[in-house]
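Notes for the one structure printed next.
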Amino acid sequence: MVSTGTAAKSAVFAQAPAGSDLLEVPCAQRNGILEMMAMRRDPFAFGDERLARLGQVSGLNALGVKMVIAAGPRAADEILMNRDKAFANGPAWSYFIGPFFNRGIMLLDFDEHRHHRHILQQAFTPSALKGYMQEMQPMIAERVADLPTGNVKMFEQFKSLTLDVALEVFLGLELPKDQADKINKAFIDTVRAGVAYVRKPVPGGRWWKGLRGRKVLEEFFYDNIAAKRARETPDLFSVLCHVEGDEGERFTDEDVVNHMIFVLMAAHDTSTITMTQMAYRMAKSPEWQQRAREQSLELNPELGYDDLGKLSVLDLVLKESLRMCPPVPAQPRMAVKDTSVQGFFVPKGSMVTVPQMTNHRDPEFFTNPDMFDPERFTPERKEDKGHRMAWTPFGGGVHKCIGLYFGQMEIKTILHHLLRNYEWSVPEGYQIPMDYSALPVPKDKLPVDLRRR
Ligand code: HEM
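As numbered in the working numbering, residues 51 to 503 make up the sequence shown, in order.
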């Protein structure tokens, strides 16, 4: 991807200091709100249009926030690797999800982030993952066996299944249905609130619902924390209550609650979106569904941790689905000092965005990027390896997804059971209608014809 666009003079971004050879970020001339609306309506067309018109690094005034969109893996490398600590997560992500995911690990920066991440990491070691796999296996098998057949909205099924897995594996609690539904709703409200146009608690509005959701979640975790501190159990909630840093320091109750709320959120929607995309792609390409099924049928119904690597076809489908629709479509950062990206001057206070959705369709690395072609990830073609930031559905740098192995383990286990027990299809010509206003979800919840095999 090269910077070929015509640079519109911007009143949005300051010019580089005198004597510097850094370029001024070119900006869209039209109103920032219109730009934001165009971005949410169709982020693919939005990204393509900006690349063609303005080039790889471009700016906009988004509701008073100076935003730089820095496309391409080379820009992603500069921003996510953050060698001179010019970019911070907290002030950027806080703008979207701050009041709802207050002090979640992704919103912490630098030394504080390193300290918390070091402790949190202990909940995601290979031995911890094996334990979670054992916990989740029977429950997933049972739940998938009970799926309804006929016209089934897969997004809803995956959502409720991942929530149940999260409650069991992360919380070690089996909740009655009404309480699980309440938590589910609280999550949905907190996640959706971040992209509200009206960023004030107007009763009934998204922001207001988000704040209420956060309150429900806090009450729920504080109610359960004493029991978790009293007795060690093999779940994340318990691990966070008992884990110690190198000098014996522990997470406070507040830290535990903040991390739990964040991790549950981070695990829930991302996995649901990925499975929905995989189910969609395999419904549109029955040959891939069949190839994946054949591998699953060669294995035992009960999947062991060491079997995951044997599901190589499912792995290709997973990677390609994450490429075509990354559940976290972009990663924002805030410039905490004057800096530069790809030779453009980025003043302190700018919001800088790495647009995965655009990067994953970069024709420099991916052939026919709009085509579903899982083979592009085979060792022979390895298109994702053209640049270390070419394929980054899990992000990169110090904030790279801590749950990437957990997420893939859960997704593969659910799809393994689904493939063994069912076949599914969508009508000829069906195209999934997507809502990109928050994380990318299907407007119609992906209805498929689900048949027992
Ligand atoms: C397919 C599923 C998933 C995808 C695509 C995904 C994607 C991402 C991305 C892109 C980031 C980095 C955001 C940034 O740098 O701004 C991230 C961070 C994070 N993810 Fe995931 N995620 C997934 C599943 C999970 C799961 C299952 C968990 C927990 C079990 C999880 C926990 C986290 C946490 C805690 C962070 C913040 C890490 C930090 O800031 O140090 N994610 N994820």
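Ideal Cβ positions, reconstructed from N, Cα and C, are used throughout, including at glycine.
Since the model is a prediction, treat every value here as computed from it, not as a measurement.
Does the distance between the C-beta of residue i and the nearest non-hydrogen atom of ligand 1 fall short of 8 Å?
i	result
P382	yes
N139	yes
L454	yes
H410	no
A317	yes
M156	yes
C77	no
G105	no
R153	no
K209	no
E460	yes
Q406	yes
G447	yes
V378	yes
R426	no
V313	yes
W258	no
C451	yes
R167	yes
H163	yes
F444	yes
G457	yes
S400	no
L465	no
S390	no
T175	no
S321	yes
T326	no
W441	no
L217	no
W338	no
Find out if the Cβ-Cβ distance for the pair residue i, residue j is shorter than 9 Å.
i	j	result
L496	K203	yes
L223	I464	no
S371	M310	no
F415	E433	yes
F427	D494	no
H437	P123	yes
T442	N409	yes
E352	P188	yes
V404	A136	no
M186	E218	yes
R256	A243	yes
A112	M86	yes
H168	G295	yes
A121	R100	yes
S475	A333	yes
T326	F205	yes
P141	M384	yes
S321	I147	no
D319	L489	yes
M315	V241	yes
F444	R331	no
Over what stretch of residues does the alpha helix (DSSP H) that includes residue i continue unbroken?
i	result
I119	No alpha helix (DSSP H) holds I119; the beta strand (DSSP E) holding it covers 115–120.
M421	It is not in any alpha helix (DSSP H) - M421 carries neither H nor E in the DSSP assignment.
A505	Shown here, the chain extends from 51 to 503; a query on residue 505 therefore has no answer.
First and last residue of the beta strand (DSSP E) that includes residue i?
i	result
D71	Unbroken run through D71: none, as it is neither H nor E.
P497	497–502
A88	Per DSSP, A88 belongs to no beta strand (DSSP E); it is in the alpha helix (DSSP H), 82–91.
F395	394–396
E473	472–475
With DSSP as the reference, identify every bridge partner of residue i, one or two as the case may be.
i	result
Q381	V404
L110	M117
P492	M484
C30	Nothing can be reported for residue 30, as the shown portion of the chain is limited to 51 through 503.
V391	F394
At which residue ranges does the stretch 428–463 contain complete alpha helix (DSSP H) runs of 4 or more residues, listed in the order of the chain?
none
Report the residue ranges of all beta strand (DSSP E) runs contained in full by the stretch 198–278; include only those spanning at least 3 residues, in chain order.
The qualifying runs are 200–203.
Entirely within the stretch 135–202 and at least 4 residues each: give me those alpha helix (DSSP H) ranges in chain order.
Those alpha helix (DSSP H) runs which fall completely within the stretch 135–202 and span 4+ residues are 140–147, 160–171, 176–195.
Secondary structure, alpha helix (DSSP H): runs of 4+ residues fully inside the stretch 279–362:
Note on the stretch 279–362: whole alpha helix (DSSP H) runs with a minimum of 4 residues are 286–292, 303–334, 336–348, in chain order.
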